[in-house]
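Reading through the structure tokens given below for one structure.
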Amino acid sequence: MAAKSDLILVDKKMIKQIISEIEERLEELEILTDQDLLDELKKRKSEIKEGKFIDEEELFDFLKKKGAIIE
Numbered sequence: 106m107a108a109k110s111d112l113i114l115v116d117k118k119m120i121k122q123i124i125s126e127i128e129e130r131l132e133e134l135e136i137l138t139d140q141d142l143l144d145e146l147k148k149r150k151s152e153i154k155e156g157k158f159i160d161e162e163e164l165f166d167f168l169k170k171k172g173a174i175i176e
């Protein structure tokens with residue numbers, strides 16, 4: 106009976122692409138679960154409900170600092 110091998114051949118380029126995509130998704134998830142960002146979004150949501158003015162430039166700057174917006 107022949108020995109069973111657990112080895113397989115893989116395309117390195119394809120594996121690198123998959124790893125790169127996973128890293129990008131993890132970065133996106135990290136941004137979306139950042140507590141400061143979540144707190145700021147909740148604050149803005151409350152302000153909208155209360156009819157308070159939202160400074161779009163301030164919000165834009167905050168999102169840029171958190172990496173959620175890339176110019």
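Plus 105 on top of the position in the sequence shown (first one is 1) and you've got the numbering used here.
Ideal Cβ positions, reconstructed from N, Cα and C, are used throughout, including at glycine.
Where residue i sits in the DSSP three-state scheme
i, result
"D155", "Residue 155 is actually Glu in this sequence, not Asp. Reduced to three states, the DSSP call for E155 is coil."
"D166", "helix"
"D111", "coil"
"D144", "helix"
"K118", "helix"
"K171", "coil"
Closest residue to residue i among the options (Cα-Cα distance)
i, options, result
"F167", "L143, E155, L114", "L143"
"G172", "D139, M119, I113, K157", "D139"
"K117", "S125, S151, L131", "S125"
"F163", "L134, E135, R149", "It is Glu, not Phe, that sits at residue 163 in the sequence shown. Checked all of L134, E135, R149; the closest Cα to E163 is R149."
CB-CB length for residue i against residue j, believed under 8 angstroms
i, j, result
"F165", "I174", "7 angstroms"
beta-carbon residue i near the ligand ZN non-hydrogen atom, thresh 7 angstroms
i, result
"Q122", "Judged by which ligands are present, the structure shown has none, so any question about the ligand ZN falls away."
Sequence-distant residues of its chain with Cβ nearer than 6 angstroms to residue i (five each side left out)
i, result
"E132", "none"
Neighbourhood of residue i by C-beta, 8 angstroms cutoff - its chain only, sequence neighbours within 5 removed
i, result
"I136", "L142, K171, G172, A173"
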